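Asker: Quick one: the structure is below, questions incoming.
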Amino acid sequence: PERVDFDRQLLVDFYRSRGYVDIQVLDVSTELSRERDATFVTFTIREGQKYSVGEITLSSEFEDTDLQEYEDALRIRSGGTWSPTLIDEQITRLERFALQQGFDFLRVDPRITRNERDLSLDVEFALVRGPRIFVERIDIRGNQTTLDRVVRRQFTTVEGDPFNPREIRNAAERIRALGFFQTAAVDTRAGTSSDQVIVDVEVEEQPTGLLSFGGTYNDDSGFAVAVNFSERNFLGRGQSLAFRIESGTDDARTTLSFTEPAFLGRDVSLGFSLRHVTTDFGNASYDTRVTSLSPRLGFPIGENSRLSVSYQVASEALRNIADSASPIIKRDGEEGRLFRSSVGYTYTLDLLRGGLNPNRGVRLTFGQEYAGLGGDVKYVKTTARAVAERDAFNEEITLRATLEGGALHSLGGTNSHVTDRFFLSSRQVRGFSSRGIGPRDTSENASSDVLGGNRYIAARLEAEFPLGLPSEYGMIGSLFVDAGSLWSLDDRMGGQCIGGDDMPVPNCELVDDSFDLRSAAGFGLLWDTPIGPLRMDFSRPLDKNELDETNTFDITISTRF
């Protein structure tokens with residue numbers, strides 16, 4: 010019965026968040042299957058009419074408030090789908106803004122007016138005086154492993170602050186979102202005086218460590234096995250520690266990472282990553298070895314944006330260079346082991362599944378890296394990525410668009426190295442093999458290796474949709490169109506070409522590194538199998554170069570145990 014009541018509430022919340030404010034669950038019936046090994050649960054509902062947001066106004070009991078400033082703080086618009094969650098978010102924004110203006114006991118009272126004619130709900134955000142109640146103390150119990158400060162920092166309220174029930178509820182949600190506790194209950198009770206309350210936090214710890222052994226198969230890169238250890242609440246401090254070893258047909262990767270999410274008790278993350286990567290691609294006449302250490306610092310710069318700054322020191326080298334390799338590759342190899350010292354930053358704006366409409370959103374990422382603080386490599390590398398999603402046709406279809414690109418600019422008269430240049434994988438442009446497109450040395454004795462590029466761009470459009478099968482099958486389909494290009498080299502002097510008279514052909518050694526757009530289209534099948542997610546993509550190149558390596562079928566399955 011408790012599970013049924015929980016599902017009933019989830020159903021009501023689902024409809025109300027989509028504008029059906031009059032949703033009613035009329036009846037719930039259960040029935041055993043014929044084999045008596047399962048139970049069918051039937052919910053009978055009356056959804057009612059769908060409402061939109063009508064007129065939005067503000068009023069205030071305070072004479073010295075500038076309502077225009079509060080209106081500017083709102084993130085809601087008329088005509089959008091009505092959602093109680095959206096209203097709660099606006100109340101939180103207004104009350105936080107009031108605190109910044111020095112109004113400690115201001116409360117926001119939403120007053121709703123129903124318009125049956127146009128099926129809209131007008132909302133008046135009334136700024137009213139709340140009771141003068143303070144937080145006496147916050148008591149935390151049940152945290153046998155997790156330190157008190159990890160729970161306490163989820164509260165924006167501290168002892169002695171004005172009591173705001175909404176902030177306490179938001180803190181409770183943040184505690185649950187940590188994932189450290191099986192249950193987390195936050196309640197209030199009367200304090201030692203009539204104007205004080207005590208906040209009680211009762212939690213129950215749950216395991217936060219993970220040791221997994223997994224495997225991945227990809228038609229392009231073959232089999233890969235992985236061992237992963239992670240602890241999300243290291244020593245009860247809320248810190249994350251992860252160690253991963255992955256070995257595949259083409260490469261082997263070892264990664265150790267650590268993150269302190271609240272450095273010095275502030276909303277600042279501090280961490281580092283240590284990586285060792287070796288590659289042995291079947292379509293390359295050389296191997297690579299890269300070892301890097303990167304400390305990083307991250308902090309918010311807006312409600313939905315974050316900035317991360319990092320420093321990286323790396324050692325990179327080419328090994329086992331074949332005699333048939335391009336002179337461009339050989340010249341890189343002659344430089345021996347290179348050391349790179351770089352600083353960089355990454356800006357992220359995340360409005361995916363948030364913002365004004367929970368059924369659509371965008372995520373933007375922009376980063377730059379400057380190499381040249383000592384070391385042997387000097388360049389500026391810029392990368393950008395934008396992802397947009399939205400649900401359509403009653404949320405049955407998910408539309409997704411991704412655009413990404415990068416540019417590498419060498420400094421000090423140096424040439425870019427193959428370990429620093431961009432390569433496109435089969436996941437960035439489907440229909441082509443990993444490292445299957447880009448500038449090549451097509452001279453007489455060269456092996457036609459892809460040399461990478463200083464510039465790249467890739468775009469992906471995809472629609473995911475149900476296949477009409479029961480949801481318990483866990484299968485959906487997708488249609489996609491991908492396009493991209495990889496171009497630009499600093500060193501274009503490849504090998505010589507020999508003509509019919511056994512003489513070198515003039516200018517043949519110049520590698521063609523011009524922009525050449527490739528594209529492909531296809532369909533995919535996504536299946537949530539009992540052993541792990543499986544994806545099959547069938548694609549066909551639409552625009553390709555004669556020497557491109559294509560991959561018309563790709564299958565990926567992952568599992569952990």
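According to our numbering, the stretch in the sequence shown is residues 10 to 570, in order. Don't be surprised by glycine CBs; every beta carbon is placed ideally from N, CA and C. Here the structure is a predicted model, which is why all the values come from computation and not from measurement.
Grab me the residues of residue 297's own chain with a C-beta within less than 8 Å of its C-beta, minus the 5 sequence neighbours each way, in chain order.
Answerer: Translated into the one-based positions of the sequence shown, residue 297 becomes position 288. Contacts found: 286, 287, 288, 325, 326, 327, 328, 427 and 428.
Asker: Taking the straight line between their C-alpha atoms, what separation do you get for residue 167 and residue 192?
Answerer: The residue you call residue 167 lines up with position 158 of the sequence shown. The residue you call residue 192 lines up with position 183 of the sequence shown. Approximately 22 Å between the Cα atoms of the pair.
Asker: Whose C-beta lies closer than 8 Å to the C-beta of residue 618 among residues of the same chain, with five residues either side of it excluded?
Answerer: With the chain running from 10 to 570 in the structure shown, residue 618 is simply not present.
Asker: Taking all protein chains shown into account, do 16 or more other C-beta atoms lie within 10 angstroms of the C-beta of residue 275, making it buried, or fewer, making it exposed?
Answerer: By one-based count along the sequence shown, residue 275 stands at place 266. Exposed.
Asker: Ignoring anything shorter than 4 residues or poking outside the segment 330-380, list the alpha helix (DSSP H) runs there in chain order.
Answerer: 336-343, all fully within the segment 330-380.
Asker: In whole angstroms, what is the alpha-carbon distance linking residue 450 and residue 292?
Answerer: Counting from one through the sequence shown, the residue named residue 450 turns up at place 441. Counting from one through the sequence shown, the residue named residue 292 turns up at place 283. Their backbone Cα atoms lie some 13 Å apart in a straight line.
Asker: My guess is that residue 306 and residue 317 are in contact by the Cβ rule of under 8 Å, so how many angstroms apart are they, rounded?
Answerer: As a first step, residue 306 must be located in the sequence shown, where it is residue number 297. As a first step, residue 317 must be located in the sequence shown, where it is residue number 308. Indeed, because the Cβ distance is near 7 Å, the residues count as touching under 8 Å.
Asker: Could you tell me if residue 145 is buried or exposed, where buried requires 16 or more neighbouring beta carbons within 10 angstroms of its beta carbon?
Answerer: For the purposes of this step, residue 145 is identified with residue 136 of the sequence shown, where counting begins at 1. Residue 145 comes out buried.
Asker: Tell me, please, whether the segment 373-391 touches the segment 346-358 by the rule of three or more beta-carbon pairs shorter than 8 Å.
Answerer: With a cut-off of 8 Å, the segment 346-358 and the segment 373-391 count as touching, because enough Cβ pairs lie within range.
Asker: For a quick check, are the C-beta atoms of residue 433 and residue 493 less than 7 Å apart?
Answerer: The residue you call residue 433 lines up with position 424 of the sequence shown. The residue you call residue 493 lines up with position 484 of the sequence shown. The answer is yes: Cβ separation under 7 Å.
Asker: Buried or exposed: where does residue 403 fall if 16 or more other Cβ atoms within 10 Å of its Cβ makes it buried?
Answerer: The residue given as residue 403 occupies position 394 in the sequence shown. Classification of residue 403: exposed, given that the 10 Å Cβ count is below 16.
Asker: For residue 25 and residue 96, what's the separation of their Cα atoms in angstroms?
Answerer: Reading the sequence shown from its first residue, position 16 is the one you call residue 25. Reading the sequence shown from its first residue, position 87 is the one you call residue 96. Cα to Cα, the separation comes out at about 12 Å.
Asker: Identify which residue in 219, 35 and 51 has its Cα closest to the Cα of residue 41.
Answerer: Taking the first residue of the sequence shown as position 1, residue 41 is located at position 32. It is 51.
Asker: Which residue wins for smallest C-alpha separation from residue 548, given the options 496, 477 and 438?
Answerer: As a first step, residue 548 must be located in the sequence shown, where it is residue number 539. Closest by alpha carbon: 438.
Asker: How long is the line joining the alpha carbons of residue 387 and residue 379, rounded to whole angstroms?
Answerer: Locating residue 387 in the sequence shown gives position 378, counting from the first residue. Locating residue 379 in the sequence shown gives position 370, counting from the first residue. If I take the Cα positions, the gap works out to 8 Å.
Asker: Which first and last residues belong to the alpha helix (DSSP H) in which residue 93 is found?
Answerer: As a working mapping, residue 93 is identified with position 84 in the sequence shown. From DSSP, the alpha helix (DSSP H) with residue 93 extends over 93-109.
Asker: Note down, in chain order, each residue of its chain lying with its Cβ closer than 8 Å to the Cβ of residue 526, except the 5 sequence neighbours on either side.
Answerer: In the sequence shown, residue 526 corresponds to position 517, counting from 1. Closer than 8 Å at Cβ, skipping near neighbours: 492, 493, 494 and 552.
Asker: For residue 538 and residue 483, what's the separation of their Cα atoms in angstroms?
Answerer: The sequence position of residue 538 within the sequence shown is 529, counting from 1. The sequence position of residue 483 within the sequence shown is 474, counting from 1. When rounded, the distance between both Cα atoms is 7 Å.
Asker: For residue 284, report the span of its alpha helix (DSSP H) as first-last.
Answerer: If you number the sequence shown from 1, residue 284 lands on position 275. No alpha helix (DSSP H) contains residue 284, which is instead part of the beta strand (DSSP E) from 278-288.
Asker: Could you say if the segment 104-123 and the segment 157-164 meet the contact criterion of at least three C-beta pairs nearer than 8 Å?
Answerer: Short answer: they don't touch.
Asker: Locate the alpha helix (DSSP H) running through residue 21, then write down its first and last residues.
Answerer: On the sequence shown, residue 21 is found 12 positions in, with the first residue counted as 1. From DSSP, the alpha helix (DSSP H) with residue 21 extends over 11-25.
Asker: Give the secondary structure of residue 159 by DSSP, where H, G and I count as helix, E and B as strand, and everything else as coil.
Answerer: Residue numbering aside, residue 159 sits at position 150 when the sequence shown is read from its first letter. Correct three-state label for residue 159: helix.
Asker: Between 216, 407, 536 and 519, which has its C-alpha nearest residue 337's C-alpha?
Answerer: By one-based count along the sequence shown, residue 337 stands at place 328. Cα-wise, what sits closest to residue 337 is 519.
Asker: Which residues in the same chain as residue 366 place their Cβ atom closer than 6 Å to its Cβ, once the five residues preceding and following it in sequence are excluded?
Answerer: Residue numbering aside, residue 366 sits at position 357 when the sequence shown is read from its first letter. Residue placement at residue 366 is poorly supported in this model, since its pLDDT is 48, which falls under 50; the coordinates still yield a value, given next. Taken in chain order, the list of residues that qualify is empty.
Asker: Excluding the five sequence neighbours on either side, which residues of its own chain have a C-beta within less than 6 Å of the C-beta of residue 416, listed in chain order?
Answerer: Here residue 416 is taken as the residue at index 407 of the sequence shown, counted from 1. Same-chain partners within the cutoff: 391 and 464.
Asker: For the candidate residues 462, 208 and 399, whose alpha-carbon lies nearest to that of residue 430?
Answerer: Indexing the sequence shown from 1 puts residue 430 at position 421. When only C-alpha atoms are compared, the closest one is 462.
Asker: Label residue 155 either buried or exposed according to how many other C-beta atoms from any shown protein chain fall within 10 Å of its C-beta, with 16 as the threshold for buried.
Answerer: Taking the first residue of the sequence shown as 1, we reach residue 155 at position 146. The residue is buried, with at least 16 neighbouring Cβ atoms inside 10 Å.
Asker: Nearest-angstrom Cα distance between residue 137 and residue 88?
Answerer: As a working mapping, residue 137 is identified with position 128 in the sequence shown. As a working mapping, residue 88 is identified with position 79 in the sequence shown. In a straight line, the C-alpha of residue 137 is about 26 Å away from that of residue 88.
Asker: Give every residue of the same chain whose Cβ lies closer than 8 Å to the Cβ of residue 405, excluding the five residues on either side of it in the sequence, and list them in chain order.
Answerer: If you number the sequence shown from 1, residue 405 lands on position 396. Excluding residues within five positions, the ones whose Cβ falls inside 8 Å are 474 and 475.
Asker: Rounded to whole angstroms, what's the CA-CA distance from residue 561 to residue 262? Just pull it up for me.
Answerer: Position 552 of the sequence shown, counted from the first residue, corresponds to residue 561. Position 253 of the sequence shown, counted from the first residue, corresponds to residue 262. Residue 561 and residue 262: Cα-Cα distance of roughly 27 Å.
Asker: For residue 554, which of helix, strand or coil comes out of DSSP?
Answerer: Counted from its first residue, the sequence shown places residue 554 at position 545. In this structure, residue 554 counts as coil in the three-state DSSP scheme.
Asker: Report the rounded CA-to-CA distance for residue 554 versus residue 563, giving the unit in angstroms.
Answerer: Translated into positions along the sequence shown, residue 554 becomes position 545. Translated into positions along the sequence shown, residue 563 becomes position 554. Each residue's alpha carbon lies about 20 Å from the other.
Asker: At what residue ranges does the segment 366-446 contain a whole run of the beta strand (DSSP E), taking only runs of 3 or more?
Answerer: For the segment 366-446, whole beta strand (DSSP E) runs of length 3 or above, ordered along the chain, are 369-384, 388-401 and 406-419.
Asker: If you measure between the beta carbons of residue 374 and residue 394, is that distance less than 7 Å?
Answerer: Position 365 of the sequence shown, counted from the first residue, corresponds to residue 374. Position 385 of the sequence shown, counted from the first residue, corresponds to residue 394. Cβ distance < 7 Å, so residue 374 and residue 394 count as in contact.
Asker: Here's the rule I'm using: 16 or more other beta-carbon atoms within 10 Å means buried, otherwise exposed. How should residue 18 be labelled?
Answerer: Locating residue 18 in the sequence shown gives position 9, counting from the first residue. When all chains shown are included, residue 18 counts as exposed.
Asker: Judging by CA-CA distance, which residue of 410, 255, 251 and 173 is the nearest neighbour of residue 489?
Answerer: Taking the sequence shown and counting its residues from 1, the one referred to as residue 489 is at position 480. The shortest Cα separation from residue 489 among 410, 255, 251 and 173 belongs to 410.
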